[in-house]
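Each remark here refers to the structure printed beneath this line.
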Amino acid sequence: MPPTPNATRALVLPLALLLIPVAVPRAAAAGAGWSLAPAGDGRPSFYAEGAPGAVVRDTVAVTNGGARPVTVTLAADGVRASFADVLVRVPGRTRAEVPFTVRVPGDRSGAIVARDAAGRVRSVPLRLRAGVPDLSALTVEHVRVRADRITYDLVNRGTTTLVPRLAVRADGLFRRVLDRAPRALPVRLAPGTRASLTEPWPGRPALDAVDVRLTVTAPDGTRATVG
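Following this note's numbering, the numbering of the sequence shown begins with 1 at its first residue and continues without gaps.
As structure tokens, this is what we get:
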């Protein structure tokens with residue numbers, strides 16, 4: 001899947017079964033069975049990363065080392081997969097490569113499974129990991145100016161934990177009455193969380209109309225300003 005060279009190849013292949021002859025000595029073919037594995041590069045299992053909901057592709061190989069044809073049924077356990085062919089007939093001394101797609105639901109473990117007519121089962125582990133891009137996004141909400149303090153909510157709307165910095169400015173009718181340089185806030189905001197915070201303002205001009213501006217900055221420079 002995406003992290004591997006074979007996955008890159010699988011991404012550009014059409015969803016069609018491919019039959020490839022394999023070299024098996026005739027003396028050994030009589031007692032040989034069939035096997036299941038990721039196609040191409042000797043991987044012991046399937047692994048893929050993608051954004052939640054992304055569709056990834058790979059290819060499973062059914063190798064028949066025997067002289068007689070074998071028919072297997074492909075399925076997925078623990079995940080939902082779509083195969084180019086579910087019922088696969090593999091001639092003797094032949095490898096069938098079957099592309100399949102899986103939609104990434106999140107972090108999930110499962111397996112690609114094959115069963116033959118005699119009930120023999122082979123499986124290959126499959127691991128899906130939902131990769132979420134790092135994104136800093138925050139908002140300042142519900143700002144209230146009170147007698148001796150400013151209250152507000154800080155919301156992390158991104159995908160990374162933030163330790164933001166706050167700058168405060170307030171202008172009266174004739175002059176600036178408050179100007180605080182950026183400083184780190186004593187909070188660690190996990191993605192999707194909200195914090196209700198208070199900025200002390202003792203000595204706020206009681207008889208002056210003020211316009212307050214709060215500017216919050218994430219470590220990567222992402223900024224939210226209100227006021």
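We put the CB at the ideal spot given by N, CA and C, even for glycine. Bear in mind that the values here come from a model prediction, so they are computed numbers and not experimental data.
Next item on the list: Express the C-alpha separation of G78 and T71 in angstroms, rounding to a whole number.
Entry: Distance from the CA atom of T71 to the CA atom of G78, rounded to whole angstroms, is 23 Å.
Check: Rounded to whole angstroms, how far is the Cβ of V168 from the Cβ of L154, which I believe are closer than 8 Å?
Finding: Their Cβ separation, rounded to whole angstroms, is 13 Å, which puts V168 and L154 out of contact at 8 Å.
Check: Looking at the unbroken beta strand (DSSP E) that takes in L19, where does it start and where does it end?
Finding: For L19, the enclosing beta strand (DSSP E) has its first and last residue at L18 to P21.
Item checked: Residues that A81 bridges to, as DSSP identifies them -> V102, per the DSSP bridge assignment.
Notebook entry, point to check: Which word fits E97, buried or exposed, when buried means at least 16 other C-beta atoms lie within 10 angstroms of its C-beta?
Noted result: E97 comes out buried.
Margin query: Less than 8 Å between the C-beta atoms of P52 and A130, yes or no?
Written below: Yes, the pair counts as a contact, with Cβ atoms nearer than the cut-off.
Next item on the list: State the DSSP-derived secondary structure class of P182, mapped to helix, strand or coil.
Entry: Correct three-state label for P182: strand.
Margin query: I'd like to confirm the pairing. Which residues does DSSP put opposite A61 in its beta bridges?
Written below: In DSSP, A61 forms a bridge with A37 and E97.
Check: Going by other Cβ atoms of all chains shown within 10 Å of its Cβ, with 16 needed for buried, is P164 buried or exposed?
Finding: The residue is buried, with at least 16 neighbouring Cβ atoms inside 10 Å.
Next item on the list: Measure from the alpha carbon of G40 to the alpha carbon of each residue in R57, Y47, A61 and T160, then state which is nearest.
Entry: The closest CA to that of G40, considering only R57, Y47, A61 and T160, is found on A61.
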